[in-house]
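Residue numbers (my numbering): 2 to 152. Cβ atoms here follow ideal geometry from the backbone N, Cα and C, with glycine treated the same way. All remarks here apply to the structure that follows.
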């Protein structure tokens, strides 16, 4: 009988530990989502440096959070820090290769960095998987215009 009670007690302890771990994960993600939301709000008010601080805090809690990294890249782009924005966008694509908004913004960032060939490759990649994307065709055309080949 004592063995049965000990086993039941151990199962209860494990259940509580699993619940606590799940709660920790839930609250960590909730905090990350809150920080990302605050960062997006600051971005929309043009407070890019403060917004980056929010995304940095979110990434400290969850380094692989694509949303925080992507929105951080948008802030960096808005501040004219194109090289840093490109690094963040590429990191997003390492984690989530089919994240089309990151692809679009990496293409635009490549244009800002005068990497026309890189931008064209990205826009062509988007068109290959999304042939009806008006924006991808427009951005590819824009890259040809920037290159001096408007045809």
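Please name the residue in 80, 50, 65, 125 whose C-alpha comes closest to that of residue 94.
-> Nearest to residue 94 by C-alpha distance, out of 80, 50, 65, 125, is 65.
Which residue's Cα is closest to the Cα of residue 145: 124, 131, 26, 130?
-> The option with the nearest alpha carbon to residue 145 is 124.
Selection from 83, 44, 132, 139 that minimises the alpha carbon distance to residue 116 | Selected option, being the one with the closest Cα: 83.
The alpha helix (DSSP H) with residue 105 in it runs from where to where?
-> According to the DSSP assignment, residue 105 belongs to the alpha helix (DSSP H) that extends over 101 to 113.
What residue range is occupied by the uninterrupted alpha helix (DSSP H) comprising residue 68?
-> Segment 67 to 79, the alpha helix (DSSP H) holding residue 68.
Can you grab the Cα-Cα spacing for the pair residue 133 / residue 58, in whole Å?
-> Pairing residue 133 with residue 58, the inter-Cα distance amounts to about 38 Å.
Would you mind sorting residue 26 into buried or exposed? The rule is 16 or more other CB atoms within 10 Å of its CB.
-> By the neighbour-count rule (16 or more Cβ atoms within 10 Å), residue 26 is not buried but exposed.
Excluding the 5 residues preceding and the 5 following residue 19 in the sequence, name in chain order all residues of the same chain whose CB lies nearer than 6 Å to its CB.
-> In this prediction, residue 19 scores a pLDDT of 48, lower than 50, which makes its location untrustworthy; the coordinate-derived value is nonetheless stated afterwards. So no residue of the chain qualifies.
Do the CB positions of residue 105 and residue 72 come within less than 8 Å of each other?
-> For the pair residue 105 and residue 72, the CB atoms are not nearer than the 8 Å cut-off.
Helix, strand or coil for residue 119 per DSSP?
-> Residue 119 falls in the helix class under three-state DSSP.
If residue 29 sits next to residue 63, beta carbons under 8 Å apart, how far is it from one beta carbon to the other, in whole angstroms?
-> Confirmed, about 7 Å.
Run the CB neighbour count on residue 35, radius 10 Å, all protein chains shown included, and call it buried at 16 or more, exposed below.
-> With fewer than 16 Cβ atoms within 10 Å of its Cβ, residue 35 is classed as exposed.
Secondary structure of residue 55, DSSP reduced to three states | Reduced to three states, the DSSP call for residue 55 is helix.
To the nearest angstrom, how far is it from the Cα of residue 151 to the Cα of residue 120?
-> Going by the C-alpha atoms only, they are around 15 Å apart.
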